[in-house]
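One structure below.
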Ligand code: SF4
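Residue numbers (my numbering): 454 to 747.
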């Protein structure tokens, strides 16, 4: 019997950075808030609230308080409103997200119709869209794009999409455009997490994907894993059911880029308990077999 974790599971660079910025700021600034959850993980957001960093959902709730911008960024006009209101802004937007926003702005200024591959209701995509100054379309897959002639098209993606969807969109558009620019803005943290998940799913007879139910990159890991093996997407160990492990001997676990280490460790230990293997219980994520940060 084995329980292994996919390489590169858990916090990515951008999330670690955002959490560090938030905690550091909370030591030097009072009454700090985040505009929207700082990352898409309810348990981490709760932990920050315990430290006094609460999350508000709109500008009316800020009441002049110092404001942390979440890792996935905010709309350009919202940022302008914060500046106009002389709010102390602590920007924890991931640099890769900022870079994608710059590409959106630049392509539109150069006259391209911008096509964003992403989830139109996701805050990152809503923010990204606000940086595009001209014609813009948001599609979740190539199938959602109307088949007609386009002139000059620039494609950018939500940082957590997968490369296959981008390839399909490019393939569909090439015969339909006079000129096309594809900027692969899928972040490397996403790519390596997806590849490691596939690698482990192929050798497992059950996969557990850990992360916020509102986390785009975690949902994508679950979707990918389901292509290979039975998969459960959970937020915490409390959702685990013992019967999942009956007649299974190779369990794989993976976690989204916004899933804290302590939750992953709790899930791993709970799986061991379900499988009657408590002598291998661990305290740190580094002790879980297969863990490796690249
Ligand atoms: S997944 Fe990538 S783009 Fe998103 S926060 Fe992490 S490092 Fe940044």
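Beta carbons are placed, not taken as given, at the ideal position from N, Cα and C, and that holds for glycine.
Fully contained in the segment 587 to 663 are the following beta strand (DSSP E) runs of length 3 or more, in chain order: 589 to 592, 603 to 610, 630 to 635 and 659 to 663.
In the three-state reduction of the DSSP assignment, residue 493 falls in the coil class, being assigned neither a helical nor a strand state.
Here the alpha carbon of residue 626 sits roughly 21 Å from the alpha carbon of residue 613. In the DSSP annotation of this structure, the continuous segment of the alpha helix (DSSP H) that includes residue 549 starts and ends at 548 to 562. If you draw a straight line from the Cα of residue 524 to the Cα of residue 494, it comes to about 12 Å. With a threshold of 7 Å, the Cβ atom of residue 670 counts as near the ligand SF4, since some heavy atom of the ligand is closer than that.
Taking all protein chains in view, the Cβ of residue 722 is crowded by 16 or more other Cβ atoms within 10 Å, so the residue is classified as buried.
Between the alpha carbons of residue 590 and residue 546 lies a distance of about 23 Å. Taking one beta carbon from each stretch, the segment 645 to 652 and the segment 471 to 478 have fewer than 3 pairs nearer than 8 Å; the two do not touch.
With contacts defined as CB atoms closer than 8 Å, residue 687 and residue 663 qualify as a contacting pair.
Its Cα nearest to that of residue 553, the residue 638 stands out among 515, 582, 566 and 638. Scanning 677, 714, 701 and 715 for the CA closest to the CA of residue 456 turns up 701. The beta carbon of residue 482 sits closer than 8 Å to the beta carbons of 519, 541 and 543 from its chain, once the five residues preceding and following it are set aside; these are given in chain order. Contact between the segment 622 to 636 and the segment 553 to 568 is present: three or more C-beta pairs spanning the two stretches fall below 8 Å. When secondary structure is reduced to three states using DSSP, residue 681 falls in the coil class, being assigned neither helix nor strand.
Counting only residues of its own chain and dropping the five nearest sequence neighbours on each side, residue 653 has a CB closer than 6 Å to the CB of 459 and 705. Under DSSP, residue 457 shares a beta bridge with 705. The DSSP-derived three-state label of residue 716 is helix.
Within the same chain, 654, 659, 660, 661, 662, 675 and 678 come within 8 Å of residue 684 by CB-CB distance, once the 5 residues on both sides are set aside. Taking a contact as a CB-CB distance under 8 Å, the pair residue 567 and residue 611 does not count as one, their CB atoms being some 13 Å apart.
Residue 630 has its Cβ no nearer than 7 Å to any heavy atom of the ligand SF4. With a cutoff of 8 Å on beta-carbon distance, residue 588 and residue 669 are scored as not near each other. Between residue 725 and residue 731, the CB-CB gap stays under 8 Å. When DSSP states are grouped into helix, strand and coil, residue 479 belongs to the helix group. Note on geometry: alpha-carbon atoms of residue 666 and residue 707 lie some 14 Å from one another. For residue 498, the Cβ stays outside the 7 Å cut-off from all heavy atoms of the ligand SF4.
A distance of 8 Å or more separates the beta carbons of residue 597 and residue 561. In this structure, the beta-carbon distance from residue 526 to residue 580 falls below 8 Å. The three-state secondary structure of residue 668, taken from DSSP, is coil.
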